[in-house]
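*Asks:*
Number of protein chains: 2
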Amino acid sequence: MTIEKVLVVGTGLIGTSVALALRETDVEVHLSDVDAEAADLARELGAGREWTGGEVDLAVIAVPPHLVGERLAELQKQEVARVYTDVASVKAEPIADAERLGCDLVSYVPGHPLAGRERSGPAAARADLFSGRPWALCPGSGTGADAVRLVRELVSLCGAKAVTVAADEHDSAVALVSHAPHVVASAVAASLAGGGDVALSLSGQGLRDVTRIAAGNPVLWQRILAGNAVAVAGLLDRIADELAAAASALRSGDLAEVADLLWRGVEGHSRIPANR
Amino acid sequence: MTIEKVLVVGTGLIGTSVALALRETDVEVHLSDVDAEAADLARELGAGREWTGGEVDLAVIAVPPHLVGERLAELQKQEVARVYTDVASVKAEPIADAERLGCDLVSYVPGHPLAGRERSGPAAARADLFSGRPWALCPGSGTGADAVRLVRELVSLCGAKAVTVAADEHDSAVALVSHAPHVVASAVAASLAGGGDVALSLSGQGLRDVTRIAAGNPVLWQRILAGNAVAVAGLLDRIADELAAAASALRSGDLAEVADLLWRGVEGHSRIPANR
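Quick note, the sequences are listed as chains A and B, same order. Quick note on full-length UniProt numbering: the first sequence kicks off at 1 and runs consecutively. Quick note on full-length UniProt numbering: the second sequence kicks off at 1 and runs consecutively.
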């Protein structure tokens, strides 16, 4: 079994980028979106053709996390594809939804490409969005081996590196490396609202970097955070405690405690793969 | 009065970068550092010649914030320069030190170029470090107009843009746009210390950007933060409160409150000049 025909369901940033990446190969790409304008725009960008029915090898469900289960159930009922995957940023929630809705779990391989941009929608899509990026796959005990092989082929066609990880471990991991940092970046950016123009005129690259991801789409991000709420909340509490402790140490002149946080920051920073 | 001869006192990242920038003009640059190795390296990098005495037009004091006042007093006692400036990241503390030590405030123009790198020391210096960057000048009521003119000429020779601002306002501003964000980046980076290798393998550009400045030199940064402790502590407390509130909202499923923070983040992000 190999990928010849793919249906991308949801032509936002990620779905359209998958479609564009596949269009640089021999794969036939079909597109659908409940938002006809988004689907039209993706087609105009050369991401594929309109979906008019017929079976495909693989359906890529690129909709917000809380809609994945529902969409999977509909597509499986219509027998649209032999294998299904999704690209949602959380994994336990869509899998639980799929189970609850009685989906066939043999043909469903939960997935999550670790790539994104601050802009959303098809116009922001890029064929090389996944190039060299990790792409998490979270097959369960009941997932079919053929289905996993096909989705690994998708990952490879998109230029990404498959990382197999249990759904719960995935969700804890992205809470740490993506979701909690997003909320923290938003809190730093929100603190600027009260700053004067002179203060903002003194801002530099450091501030721009710390707050860059805070420009992300709040409508999408509230859904992502809600789908990973407990793990993210635990991390935010820990970071809030660190900051409150640092504030207290600064007020009392306890430089050793401030330095300890800074040194742990240097150490944690060095653990990020590209910084090693 | 124009700049013909400059002494750079302290050949770390900032001092050596100032020297390298001036070396691309007609200015004669002399270097000194209590660390002979750092001074030698800066000379080898072409930043200027060894300081052996004689009066200069301008002394640029590029030492840690808590040493500026002391160094200024020594240099003025030796009548080394007609005009003095410093480059420390906080301004109220060095000015208070200078007053306390009986320095001549007419010839001293407190300054702060808003530029930096994660690496420190002369080897990290670059002639274009200040190009297009703001450079805060904080003259007081007693600062001489000629001295201010000369230091504005230095800023211009380094390719930076002078921003005149009161010392207290400067310190509040950099707490907001630089110092508090630095501590927050350190706290996010420190949270990674407990993460597994799989979790870290899923990290992406967003995390790298949020934590980039956390790689900065803790020895230097603890001094900067200590010199601006009250303003930084106030901001850290506010950000800690935001994060704790977000954690609580996530746990109770209050998506509207989470969305409110994300939207305020988008708004604050858009206030940063280069993001407009």
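Every residue gets a Cβ at the ideal spot worked out from N, C-alpha and C, and that includes glycine. Bear in mind the structure is a predicted one, so any value in this text is a computation, not a measurement.
Per DSSP, what are the beta-bridge partners of B:Pro-113 in this structure?
*Replies:* Taking the second sequence and counting its residues from 1, one reaches residue 113 of chain B at position 113. Beta-bridge pairing links B:Pro-113 to B:Trp-135.
*Asks:* Please identify the residue among B:Arg-149, B:Thr-164, B:Ala-38 and B:Pro-273 whose C-alpha is closest to the C-alpha of B:Ile-14.
*Replies:* Taking the second sequence and counting its residues from 1, one reaches residue 14 of chain B at position 14. The option with the nearest alpha carbon to B:Ile-14 is B:Ala-38.
*Asks:* Where does the unbroken beta strand (DSSP E) through B:Glu-24 begin, and where does it stop?
*Replies:* Taking the second sequence and counting its residues from 1, the one referred to as residue 24 of chain B is at position 24. Looking at the DSSP string, B:Glu-24 is not in any beta strand (DSSP E), and its letter there is neither H nor E.
*Asks:* Using the three-state DSSP reduction, which class does A:Val-63 fall into: helix, strand or coil?
*Replies:* Residue mapping note: residue 63 of chain A aligns to position 63 of the first sequence, counting from 1. Three-state DSSP puts A:Val-63 in coil, outside helix and strand.
*Asks:* Roughly how many whole angstroms lie between the Cα atoms of B:Ala-247 and B:His-182?
*Replies:* Counting from one through the second sequence, the residue named residue 247 of chain B turns up at place 247. Counting from one through the second sequence, the residue named residue 182 of chain B turns up at place 182. Distance between the alpha carbons of B:Ala-247 and B:His-182 is about 22 Å.
*Asks:* Below 8 Å between beta carbons is the criterion; list the residues of the region 118 to 147 of chain B that meet it against any residue of chain A, in chain order.
*Replies:* From the region 118 to 147 of chain B, only Arg-133, Pro-134 and Ala-136 have a Cβ closer than 8 Å to chain A.
*Asks:* Under 7 Å Cβ to Cβ from A:Ala-231, same chain only, skipping five residues before and after it: list those, please.
*Replies:* Position 231 of the first sequence, counted from the first residue, corresponds to residue 231 of chain A. Taken in chain order, the residues that qualify are Asp-171, Ser-172 and Ala-175.
*Asks:* Express the C-alpha separation of A:Ile-213 and B:Gly-269 in angstroms, rounding to a whole number.
*Replies:* Counting from one through the second sequence, the residue named residue 269 of chain B turns up at place 269. Counting from one through the first sequence, the residue named residue 213 of chain A turns up at place 213. Here residue 269 of chain B turns out to be His, not Gly, going by the sequence shown. The alpha-carbon atoms of B:His-269 and A:Ile-213 are separated by roughly 9 Å.
*Asks:* Report the three-state DSSP secondary structure of B:Arg-223 (helix, strand or coil).
*Replies:* On the second sequence, position 223 is the one that residue 223 of chain B refers to. If DSSP states are grouped into helix, strand and coil, B:Arg-223 belongs with the helices.
*Asks:* Buried or exposed for A:Arg-223, please, with buried defined as at least 16 other CB atoms from any protein chain shown within 10 angstroms of its CB.
*Replies:* To locate residue 223 of chain A, count along the first sequence from 1; it is residue 223. When all chains shown are included, A:Arg-223 counts as buried.
*Asks:* According to the Cβ coordinates, are A:Ala-98 and A:Leu-75 closer than 9 Å?
*Replies:* Position 98 of the first sequence, counted from the first residue, corresponds to residue 98 of chain A. Position 75 of the first sequence, counted from the first residue, corresponds to residue 75 of chain A. Contact: no.
*Asks:* Of all the options A:Gly-194, A:Val-163 and A:Arg-238, which has the alpha carbon lying nearest to the alpha carbon of B:Ser-186?
*Replies:* Mapped onto the second sequence, residue 186 of chain B falls at position 186. Taking only the C-alpha atoms, the option nearest B:Ser-186 is A:Arg-238.
*Asks:* Can you find the residues in the same chain that come closer than 6 Å, C-beta to C-beta, to B:Arg-23, ignoring five residues on each side of it along the sequence?
*Replies:* Your numbering for residue 23 of chain B matches position 23 in the second sequence. Cβ within range, chain order: Val-29.
*Asks:* How long is the line joining the alpha carbons of A:Ala-245 and B:Val-6, rounded to whole angstroms?
*Replies:* Here residue 245 of chain A corresponds to residue number 245 of the first sequence, with the count starting at 1. Here residue 6 of chain B corresponds to residue number 6 of the second sequence, with the count starting at 1. Taking the straight line from one Cα to the other gives about 43 Å.
*Asks:* For a contact meaning CB atoms closer than 8 Å, what does A:Arg-264 contact in chain B?
*Replies:* Residue mapping note: residue 264 of chain A aligns to position 264 of the first sequence, counting from 1. Neighbours of A:Arg-264 on chain B, chain order: Ser-186, Ala-189, Ala-190 and Ala-193.
*Asks:* Got a sec? Which residues, its chain only, sit under 6 Å from B:Ser-17 by beta carbon, not counting five neighbours each side?
*Replies:* On the second sequence, residue 17 of chain B is found 17 positions in, with the first residue counted as 1. The residues are Ala-125, Arg-126 and Leu-129.
*Asks:* Please check if any C-beta of chain A sits within less than 9 Å of the C-beta of B:Glu-79.
*Replies:* In the second sequence, the residue the question calls residue 79 of chain B occupies position 79. With 9 Å as the cut-off, B:Glu-79 does not count as an interface residue toward chain A.
*Asks:* Quick check: the region 76 to 92 of chain B against the region 51 to 68 of chain B, are at least 3 beta-carbon pairs closer than 8 Å?
*Replies:* Touching, yes.
*Asks:* Would you verify that the beta carbon of B:Ser-203 is, or is not, closer than 9 Å to some beta carbon of chain A?
*Replies:* For the purposes of this step, residue 203 of chain B is identified with residue 203 of the second sequence, where counting begins at 1. By this cut-off, B:Ser-203 is an interface position.
*Asks:* Taking DSSP as the reference, what is the three-state secondary structure of B:Glu-50?
*Replies:* Numbered from its first residue, the second sequence carries residue 50 of chain B at position 50. DSSP places B:Glu-50 in strand when its eight states are reduced to three.
*Asks:* Which chain A residues are close to B:Asp-209, counting only those with a beta carbon under 8 Å from its beta carbon?
*Replies:* Sequence index remark: in the second sequence, residue 209 of chain B carries index 209 (1-based). Ordered by position in chain A, the residues that pass the 8 Å Cβ test against B:Asp-209 are Asp-209, Val-210, Arg-212 and Ile-213.
*Asks:* If we ignore side chains and look at the alpha-carbon of each, how far apart do A:Leu-207 and A:Ser-201 end up?
*Replies:* Here the question's residue 207 of chain A lines up with position 207 in the first sequence. Here the question's residue 201 of chain A lines up with position 201 in the first sequence. Their Cα atoms are separated by approximately 12 Å.
*Asks:* For A:Thr-211, report the span of its alpha helix (DSSP H) as first-last.
*Replies:* Residue 211 of chain A sits at position 211 when you count from the first residue of the first sequence. Note, A:Thr-211: alpha helix (DSSP H), 205 to 211.
*Asks:* Within this structure, are the beta carbons of A:Cys-138 and A:Gly-111 separated by less than 9 Å?
*Replies:* As a working note, residue 138 of chain A is residue 138 in the first sequence. As a working note, residue 111 of chain A is residue 111 in the first sequence. Cβ distance < 9 Å, so A:Cys-138 and A:Gly-111 count as in contact.
*Asks:* In chain B, which residues lie less than 7 Å from A:His-269 when you measure between Cβ atoms?
*Replies:* Position 269 of the first sequence, counting from 1, holds the residue named residue 269 of chain A. Going along chain B in sequence order, the residues near A:His-269 (Cβ under 7 Å) are Ala-189, Thr-211, Ala-214 and Ala-215.
*Asks:* I think B:Leu-41 touches B:Pro-122, with their Cβ atoms under 8 Å apart; what is that distance to the nearest whole Å?
*Replies:* As a first step, residue 41 of chain B is located in the second sequence; it is residue number 41 there, counting from the start. As a first step, residue 122 of chain B is located in the second sequence; it is residue number 122 there, counting from the start. Between B:Pro-122 and B:Leu-41 the Cβ distance is about 5 Å, and since that is below 8 Å, they are a contact.
*Asks:* Give me the Cβ distance between B:Ala-92 and B:Asp-168, rounded to the nearest whole Å; I'm assuming they're in contact under 8 Å.
*Replies:* Translated into the one-based positions of the second sequence, residue 92 of chain B becomes position 92. Translated into the one-based positions of the second sequence, residue 168 of chain B becomes position 168. With a Cβ gap of about 6 Å, B:Ala-92 and B:Asp-168 count as contacting.
*Asks:* Does the beta-carbon distance from A:Val-63 to A:Ala-88 come in below 9 Å?
*Replies:* Mapped onto the first sequence, residue 63 of chain A falls at position 63. Mapped onto the first sequence, residue 88 of chain A falls at position 88. Taking 9 Å as the Cβ cut-off, A:Val-63 and A:Ala-88 qualify as a contacting pair.
*Asks:* With 16 as the cutoff for other CB atoms within 10 Å, does B:Pro-273 come out buried or exposed?
*Replies:* Within the second sequence, numbered from 1, the residue matching residue 273 of chain B stands at position 273. Exposed, since its Cβ has fewer than 16 Cβ neighbours within 10 Å.
*Asks:* Which residues of the region 26 to 52 of chain B have a Cβ closer than 7 Å to any Cβ of chain A? Give them in chain order.
*Replies:* For the region 26 to 52 of chain B, which is checked against every Cβ of chain A, not one residue is closer than 7 Å.
*Asks:* A:Asp-168 CB to nearest chain B CB: under 9 Å?
*Replies:* Looking up residue 168 of chain A in the first sequence gives position 168. No, because no Cβ of chain B sits closer than 9 Å to the Cβ of A:Asp-168.
*Asks:* Quick check: what's the CA-CA separation for A:Glu-79 versus A:Asp-104?
*Replies:* Reading the first sequence from its first residue, position 79 is the one you call residue 79 of chain A. Reading the first sequence from its first residue, position 104 is the one you call residue 104 of chain A. Each residue's alpha carbon lies about 11 Å from the other.
*Asks:* Whose C-alpha, out of A:Ser-32, A:Trp-263 and A:Leu-31, is nearest the C-alpha of B:Ala-189?
*Replies:* Numbered from its first residue, the second sequence carries residue 189 of chain B at position 189. Checked all of A:Ser-32, A:Trp-263 and A:Leu-31; the closest Cα to B:Ala-189 is A:Trp-263.
*Asks:* Does any C-beta atom of chain A lie closer than 9 Å to the C-beta of B:Ala-96?
*Replies:* Translated into positions along the second sequence, residue 96 of chain B becomes position 96. No, no contact with chain A.
*Asks:* Classify B:Thr-143 as buried or exposed, calling it buried when 16 or more other Cβ atoms lie within 10 Å of its own Cβ.
*Replies:* One-based indexing of the second sequence puts residue 143 of chain B at position 143. With 16 or more other Cβ atoms within 10 Å, it is buried.
*Asks:* If you drop the 5 nearest sequence neighbours on each side, which residues of the same chain put their C-beta closer than 7 Å to that of A:Ala-193?
*Replies:* Against the first sequence, residue 193 of chain A aligns to sequence position 193. The answer is none, since no qualifying residue turns up.
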